[in-house]
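Asker:
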Amino acid sequence: MPWPPSRRAVTVGAAAAVVALATAGVAVWQVEPRYEEIPLYADGIVVDAGGLPQVVLDDPTAQDDPAHRLEQNLWIESGTVPGPEDYADMAEQALRDLDALVLPGGAAIAGANPAWRYVWPRDASFTAVALARTGHTEDAVEVLDYLRVMQDVASTEGVFDARYLPDGTGSVPDQRGLQLDGNGWVLWAVGEWYAEAEPGAQRDADLEGLRPLVVRSLDAIRSNVDPVTGVPGVFPDYWEVRETAPTLGTLAPLLAGVRAVGPVLEALGAPSAADVEALLSRAVDEQFAPDGYPRHLGGEDRDTSVAFLMPPFAPLEAEVAEAWGAAAAGMARPAGGLAPGEGWKSDGISWTPETAIWALTAAASGDVEQAEHWLDWLDAHRTERGALPEKVLWDGSPSAVAPLAWTASTVLITLDELDRLEQTG
Numbered sequence: 014m015p016w017p018p019s020r021r022a023v024t025v026g027a028a029a030a031v032v033a034l035a036t037a038g039v040a041v042w043q044v045e046p047r048y049e050e051i052p053l054y055a056d057g058i059v060v061d062a063g064g065l066p067q068v069v070l071d072d073p074t075a076q077d078d079p080a081h082r083l084e085q086n087l088w089i090e091s092g093t094v095p096g097p098e099d100y101a102d103m104a105e106q107a108l109r110d111l112d113a114l115v116l117p118g119g120a121a122i123a124g125a126n127p128a129w130r131y132v133w134p135r136d137a138s139f140t141a142v143a144l145a146r147t148g149h150t151e152d153a154v155e156v157l158d159y160l161r162v163m164q165d166v167a168s169t170e171g172v173f174d175a176r177y178l179p180d181g182t183g184s185v186p187d188q189r190g191l192q193l194d195g196n197g198w199v200l201w202a203v204g205e206w207y208a209e210a211e212p213g214a215q216r217d218a219d220l221e222g223l224r225p226l227v228v229r230s231l232d233a234i235r236s237n238v239d240p241v242t243g244v245p246g247v248f249p250d251y252w253e254v255r256e257t258a259p260t261l262g263t264l265a266p267l268l269a270g271v272r273a274v275g276p277v278l279e280a281l282g283a284p285s286a287a288d289v290e291a292l293l294s295r296a297v298d299e300q301f302a303p304d305g306y307p308r309h310l311g312g313e314d315r316d317t318s319v320a321f322l323m324p325p326f327a328p329l330e331a332e333v334a335e336a337w338g339a340a341a342a343g344m345a346r347p348a349g350g351l352a353p354g355e356g357w358k359s360d361g362i363s364w365t366p367e368t369a370i371w372a373l374t375a376a377a378s379g380d381v382e383q384a385e386h387w388l389d390w391l392d393a394h395r396t397e398r399g400a401l402p403e404k405v406l407w408d409g410s411p412s413a414v415a416p417l418a419w420t421a422s423t424v425l426i427t428l429d430e431l432d433r434l435e436q437t438g
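Numbering follows this note's numbering, with no gaps: position 425 of the sequence shown is 438.
#1: Note down, in chain order, each residue of its chain lying with its Cβ closer than 6 Å to the Cβ of Thr263, except the 5 sequence neighbours on either side.
#2: Going along the chain, which residues of its own chain have a beta-carbon closer than 6 Å to the beta-carbon of Arg21, five neighbours each way excluded?
#3: In three-state DSSP terms, what is Pro416?
#4: Counting beta carbon pairs with one atom in the region 90 to 107 and one in the region 62 to 78, are three or more of them shorter than 8 Å?
#5: Measuring CA to CA, which of Ala377, Ala269, Glu355 is closest to Glu430?
#6: Could you give the DSSP three-state label for Leu373: helix, strand or coil?
#7: For Leu34, which three-state DSSP category applies?
#8: Taking 7 Å as the limit between beta carbons, can you name the residues of its chain near Gln300, skipping five residues before and five after?
#9: Step through the CB atoms of chain D and report whether any lies within less than 8 Å of the CB of Asp180.
#10: Going by beta-carbon coordinates alone, are Asp152 and Leu144 separated by less than 8 Å?
#11: Can you give me the start and stop residues for the beta strand (DSSP E) that Pro66 sits inside?
#12: Suppose contacts are defined by Cβ-Cβ distances below 8 Å. Is Tyr207 in contact with Leu226 by that definition?
#13: Within a Cβ cutoff of 8 Å, which residues of the same chain sit near Asp314, ignoring the five residues on either side of it in sequence?
#14: With H, G and I counted as helix, E and B as strand and the rest as coil, what does DSSP make of Arg47?
#15: Between the alpha carbons of Glu105 and Pro240, how many angstroms are there, rounded?
#16: Apply the 10 Å Cβ neighbour rule to Ala331 and answer buried if 16 or more other Cβ atoms are within range, or exposed otherwise.
#17: Give the C-beta separation of Leu191 and Phe173 to the nearest angstrom, bearing in mind that I take them to be a contact with Cβ-Cβ under 8 Å.
#18: Rounded to a whole number of angstroms, what is the C-alpha to C-alpha distance between Glu337 and Ala280?
#19: Using the DSSP secondary-structure output, state which residues sit across from Phe173 in a beta bridge.
#20: Contact check, Thr420 vs Leu401 under 8 Å by CB: the rounded distance?
#21: Measuring CB to CB, does Leu425 end up less than 8 Å from Thr147?
#22: Rounded to whole angstroms, what is the Cα-Cα separation between Ile58 and Ala214?
#23: Among residues of its own chain, excluding the 5 on either side of Pro324, which ones have a beta-carbon nearer than 6 Å to its beta-carbon?
#24: Using three-state DSSP, classify Ala258 as helix, strand or coil.
#25: For Leu292 and Gly63, I'd like the C-alpha separation in whole angstroms.
#26: If you count every other CB in all the chains shown that lies within 10 Å of the CB of Lys358, and 16 or more means buried, which is it?
#27: What does DSSP give as the partner residues of Leu351 in its beta bridges?
#28: Tell me which same chain residues have a C-beta within less than 7 Å of the C-beta of Gly119, skipping the five on either side of it?
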């Protein structure tokens, strides 16, 4: 999950509190919560004549290169704009933004601003799934193939680094280190792409090209989970902070990926991963479920990772759904969105990727009302140019980078889930 380059804390509502206390005749110093104020680094992006995304901030006249805009219009028409008509504008803008954020060669960057202009395997996997779900399977496989190259040239025994430069060299911008959850997300994305791609010689050829990505990712998972308990080693996950205990944020994506890749392994004639799936499932059931699916092994606070145990990543289970609902209540923020977890600092900031994950898991679970609640909130907090930002401040203001690929992708997948619900009646 990309971090902003800076934060500035401000005090909110102090004057109102002083007035209220004085009115009540209470002579006491009142310390108000300190909420953070993060600037909006971009209203959105436009694509230049070279086909590259350029950041736009406070410039309503900025437009895409006309030739590229026409090309993009044709690209959108070649696929689908998912979801109900009420969300058509948000869906189309999300598609345009994703198209712009996938650079030539398949490097799917998280955002166009310098601090986000990198390829996170996690975010790129969601981009690939969104592209596949909206009829752009060729673009999706290009994103996955870029991840194959990154794993080939710059991984540690198959475990992905946190993020890569988009230049194809495999170089990393800093020392965030390895993040095993990326291997699970990549397998999930390959499984989703394979399910959406048209059967035939091209799909077979593309799949064969992805064989190393699938095999290495499974091997990396096997090598980094306890052979008895199934608990993965200690790695940073989507929080991207140094950890001292295994997290559900690593375990749940690994299980999602191993589950999703079954048909892919069969098509490749590769050995089944049923043993790994059983091992990871045991870790969830025996090590995390008894404590209510907390973020850390042996901990108490929940986070977004409990949603990674919900549909579409896993079958619907009553106990998980109960924890999922409780987690959302504990993660709620003043503007109406969600923080990354219950233990996140009280900064007043809603994060759109996590909020979009709740929309997705609600939709995939058949809860249309809740899915639309979160989609309405995301739609209402877009920037002036219509981009989905990374964060929303306590007062409802969009902040940080916009658009963010992870959020745009998750919104599109959510809308596709709503379409599937309608089709199945």
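Using N, Cα and C, we set each Cβ at its ideal position, and we do this for glycine too.
What you are looking at is a predicted structure, and each value in this text was computed from that prediction instead of being measured.
Answerer: By the coordinates alone:
#1: The residues are Leu193, Asp194, Pro245, Phe248, Asp250.
#2: Caution applies to Arg21, whose pLDDT of 29 falls short of 50 and renders its modelled position unreliable; the value that the coordinates give is listed next. Answer for Arg21: Glu50, listed in chain order.
#3: coil
#4: no
#5: Ala377
#6: The answer is helix: DSSP assigns Leu373 an H, G or I state.
#7: The predicted position of Leu34 is uncertain, since its pLDDT is 32 and thus under 50; a value taken from the coordinates is nonetheless stated next. Looking at Leu34 - three-state DSSP - the assignment turns out to be helix.
#8: Thr242, Val244, Leu310
#9: Among the chains of the structure shown, chain D does not appear; only one protein chain is present.
#10: yes
#11: 66 to 69
#12: For the pair Tyr207 and Leu226, the CB atoms are not nearer than the 8 Å cut-off.
#13: Pro307, Arg308, Gly343, Gly354, Glu355, Gly356
#14: When DSSP states are grouped into helix, strand and coil, Arg47 belongs to the strand group.
#15: 45 Å
#16: exposed
#17: 7 Å
#18: Strictly speaking, residue 337 in this sequence is Trp, with Glu absent from that position. Taking the straight line from one Cα to the other gives about 34 Å.
#19: Ser168
#20: 5 Å
#21: yes
#22: Approximately 37 Å, taken between the alpha carbons.
#23: Ala377, Ser378
#24: coil
#25: 48 Å
#26: Under this definition Lys358 is an exposed residue.
#27: The partner list for Leu351 (beta bridge, DSSP) reads Ala345.
#28: Glu155, Val156, Asp158, Tyr159
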